[in-house]
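To start, the structure itself, in structure tokens.
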Amino acid sequence: MTTTFDTGSALAISNVSKVFNKGNENEVIALSDVNLNVHTGEFISLIGPSGCGKSTLLRVIGDLTGFDSGSVQVSGKSPEDARKERLYGIAFQQAALFDWRTVSKNIELPLELAGWDKSQREVRSAELLEMVQLSEFGNHRPWELSGGMQQRVAIARSLAVDPPLLLMDEPFGALDEMTRERMQNELLRIRLDTGKTIVFVTHSIPEAVYLSDRVVVMSPRPGRITAEINVDLGERTETTRESDHFFHCVTSVREALRLHDTSGTSTSSFRGEV
Amino acid sequence: MASTRDRISNGFVSFLWALAGIAIIGLMWELTKLIGTIIDLPFNTSNQAMPHIWTMFSAFSLPEVRGSDTTVFQAVLAASTYSLTLALGGFVIGVSVGLLLAIIMQRFLFFERGLLPFVIASQTVPLIALAPLIVGIGNQISFGPIQWSTTYSVMFIAAYLAFFPLSVGALRGLQAPSSTSLELMRSYAATNNKVLWKLRFPASIPYLVPALKVSAAAAVVGTVVAEISTGVRGGIGRLMVEYARETTSQPAKVYVAVFGAILLGLVVAAAITAVDVLLTRNLPKKGLA
Ligand SMILES: Nc1ncnc2c1ncn2[C@@H]1O[C@H](COP(=O)(O)OP(=O)(O)OP(=O)(O)O)[C@@H](O)[C@H]1O
Ligand SMILES: [Mg+2]
Chain A
-5 MTTTFDTGSA LAISNVSKVF NKGNENEVIA LSDVNLNVHT GEFISLIGPS
45 GCGKSTLLRV IGDLTGFDSG SVQVSGKSPE DARKERLYGI AFQQAALFDW
95 RTVSKNIELP LELAGWDKSQ REVRSAELLE MVQLSEFGNH RPWELSGGMQ
145 QRVAIARSLA VDPPLLLMDE PFGALDEMTR ERMQNELLRI RLDTGKTIVF
195 VTHSIPEAVY LSDRVVVMSP RPGRITAEIN VDLGERTETT RESDHFFHCV
245 TSVREALRLH DTSGTSTSSF RGEV
Chain B
78 MASTRDRISN GFVSFLWALA GIAIIGLMWE LTKLIGTIID LPFNTSNQAM
128 PHIWTMFSAF SLPEVRGSDT TVFQAVLAAS TYSLTLALGG FVIGVSVGLL
178 LAIIMQRFLF FERGLLPFVI ASQTVPLIAL APLIVGIGNQ ISFGPIQWST
228 TYSVMFIAAY LAFFPLSVGA LRGLQAPSST SLELMRSYAA TNNKVLWKLR
278 FPASIPYLVP ALKVSAAAAV VGTVVAEIST GVRGGIGRLM VEYARETTSQ
328 PAKVYVAVFG AILLGLVVAA AITAVDVLLT RNLPKKGLA
């Protein structure tokens, strides 16, 4: 793997390791020798059992936490520079909207901090509200919205400064199945409209397959990447989720997850099955 | 917005409850006196020791001192107003200092570790010991033509009592934002000051409002007690001492002063409630306050 940066690379992670509580009894190797390259406009999902380091990897990319060794380049820059230049937007499982601000003002927060003036901000937040189909709710308070609507506001907010990269940590994790599928379609539409590079963390295999160009499978203790599965579903339609190809991809991801399941004694028997 | 209106009407209902509470206390007072005439109670229920409620009210219109044309009521009102200004001064100073300390302690872990024990220890010094000390030190202070006055000592003591609940409440409030909110701000490349202003401070409001209430009460109590222990004239504390000396001739008079102190408390509580409504009008009602 070369460390040279070509213009098509949105994210270049090589040999990254991260240890929490180094040297004491609680030491956890959250990331071990992680290599990942994402090209511009690609949609990748990180999937793996709880504690395998998905969130940690996302935080490393976003410079929300540091790492111990290796190198990370976000659009050819260090994570810190990328963060300071506001090259990514982020959304979490909790919408984390600010109660004391209206929906519009929540979306405008990153713009305020980036020094946009008021009229520009208002134009932009109206545009984004339209994108997430919440135009009538700009003056509402966040707590007046349903969980799905709040999550849409959070996504609009992550897109506010129009960053090329979107980091999403289980953004639909707290939603019911119906809302979740609707949100997935909306995210795909937004992706088509904006051409963002997206790194998406999820626990759901079908969700990962449905959304992504590539599913990155991780396994814990130590947290590492164990498989990458290319998904080639083409344009998603109403029948995509029922297609054989979709099931085939879901099965591949499931097997990749099972292969490195070190949590039980049944590892070897699973291996036998595969 | 409807919720603001709800809050105001809620406030009105609480006010009615407060009135009902006062009425019940009055009734119990009279009832105690009545029982005292029938059976022997372990305390004195005579009109000398426990004047009738109506005697207290009639004392409102007594002349302040024999032959003066100001009534007791006017005197109490004037004294209450004076004490209120001192309490307000102490409150503002206390709140400012408390807030500043909270911000410093939040920003620098080092200061939280180093300062918090002193902040807590400061409240264990008894006021009785503190008051003469402050007056003593204060009297030696002068900035050119400006001379320290004992009223500053009263304000200082009020501030001393008021800053504590506020700094502790504010510190908790400033530390309230979730790690998710803080990570969001970091992802926006927000400076520490922006994080303080746009996240920590608004998030602290539900913690700040109850802290303000406690601080305001502390400032009032501090003022009255400080007036008594420093001997500052013109306030309700001093008036209470003076009227208490007249119990033999005018037993109801001192209670007018007590009403004045209660009034002081009510005015302050109403003001804080107004601040509460103003600050929390945009927050969900399930707030901590
Ligand atoms: N701030 C921290 N301090 C210490 N250990 C941490 C910290 N954050 C994460 N870890 C540890 O690092 C490992 C990876 O955590 P991480 O949150 O990245 O997992 P995850 O894959 O996102 O899990 P989940 O699916 O449950 O969200 C875990 O063992 C966790 O205990
Ligand atoms: Mg996680």
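Chains as they are written, first to last, in my numbering: chain A, -5 to 268; chain B, 78 to 366. Just so you know, even glycine gets a beta-carbon here, dropped at the ideal spot from N, CA and C. Here the structure is a predicted model, which means the values were calculated and not measured.
For Phe220 of chain B, DSSP records a beta bridge to B:Ile223. Classified as exposed, Thr245 of chain A has fewer than 16 neighbouring CB atoms from the shown chains inside 10 Å of its CB.
DSSP, reduced to helix, strand and coil, places Leu91 of chain A outside both helices and strands of the structure shown, so it counts as coil. By the neighbour-count definition (other C-beta atoms within 10 Å, threshold 16), Met143 of chain A is a buried residue. At a cut-off of 8 angstroms between C-beta atoms, Pro287 of chain B does not count as an interface residue with respect to chain A. Under the 8 angstroms criterion on CB atoms, Ile84 of chain A is classed as interfacial with respect to chain B. By the Cβ test, the stretch 61 to 81 of chain A is not in contact with the stretch 193 to 201 of chain A, since fewer than three Cβ pairs between them sit closer than 8 angstroms. Counting only Cβ-Cβ distances below 7 angstroms, Ala24 of chain A has no contacts in chain B at all, with the closest Cβ about 16 angstroms away. Not one heavy atom of ligand 1 falls within 7 angstroms of the beta-carbon of Ser11 of chain A. Contact annotation: the stretch 175 to 184 of chain B touches the stretch 248 to 257 of chain B, with at least three C-beta pairs closer than 8 angstroms. The Cβ-Cβ distance between Arg115 of chain A and Leu128 of chain A does not fall below 8 angstroms. In this structure, Cys46 of chain A has its beta carbon less than 7 angstroms from a heavy atom of ligand 1. Your pair Val32 of chain A and Ala4 of chain A checks out as a contact, with CB atoms roughly 5 angstroms apart and the cut at 8 angstroms.
When the alpha-carbon of Phe241 of chain A is set against those of A:Ile101, A:Pro200, A:Glu222, the nearest one is in A:Pro200. With a threshold of 7 angstroms, the Cβ atom of Asp163 of chain A counts as near ligand 2, since some heavy atom of the ligand is closer than that. Per the coordinates, the alpha-carbon of Leu51 of chain A lies some 19 angstroms from the alpha-carbon of Ala266 of chain B.
At a cut-off of 3 residues, the continuous stretches assigned as beta strand (DSSP E) that sit fully inside the stretch 65 to 137 of chain A are 82 to 85. In the three-state reduction of the DSSP assignment, Asp170 of chain A falls in the coil class, being assigned neither a helical nor a strand state. Closest in alpha carbon position to Arg208 of chain A, among A:Phe166, A:Thr191, A:Ala148, is A:Thr191. By the 16-neighbour rule on beta-carbons within 10 angstroms, Asp170 of chain A is exposed. Scanning its chain for C-beta atoms nearer than 6 angstroms, with the 5 sequence neighbours on each side dropped, one finds around Ala235 of chain B the residues Ala164, Gly167, Ala296, Gly299, Thr300, in chain order. In this structure, Ser306 of chain B places its C-beta atom within 8 angstroms of the C-beta atom of Ile205 of chain B. Looking only at A:Leu40, A:Ile38, A:Thr34, A:Ser8, the smallest Cα-Cα distance to Val28 of chain A is reached by A:Ser8.
Here His242 of chain A carries a helix assignment [DSSP, helix/strand/coil]. At a cut-off of 7 angstroms, the beta-carbon of Phe92 of chain A does not count as near ligand 1: no heavy atom of the ligand is closer than that. For the stretch 124 to 137 of chain A, the set of residues with a beta-carbon nearer than 8 angstroms to any beta-carbon of chain B comprises Arg135, Trp137, in chain order.
At least one CB atom of chain B sits nearer than 8 angstroms to the CB of Pro104 of chain A. Against chain A, the CB of Ser255 of chain B has a partner CB under 8 angstroms away; the residue lies at that interface. Against Gly56 of chain A, the close residues of chain B are Glu260, Arg263, Ser264, in the order they occur along the chain (beta-carbon pairs closer than 9 angstroms).
Taking CB atoms only, Leu360 of chain B has a neighbour in chain A less than 8 angstroms away.
Scanning chain B for C-beta atoms nearer than 9 angstroms to the C-beta of Leu107 of chain A yields Met262, Tyr265, Ala266, Ala267, Thr268, Lys271, Lys275, reported in chain order.
Beta-carbon to beta-carbon, Ser11 of chain A and Gly64 of chain A are separated by about 6 angstroms, close enough to satisfy the 8 angstroms threshold.
Unbroken alpha helix (DSSP H) runs of no fewer than 4 residues, entirely contained in the stretch 261 to 315 of chain B, are found at 269 to 272, 278 to 307, following chain order. The C-alpha of Val352 of chain B is placed about 43 angstroms away from the C-alpha of Ser326 of chain B.
Contact between Leu40 of chain A and Met212 of chain A holds, since their C-beta atoms are separated by about 6 angstroms, short of 8 angstroms. Contact annotation: the stretch 330 to 341 of chain B touches the stretch 140 to 153 of chain B, with at least three C-beta pairs closer than 8 angstroms.
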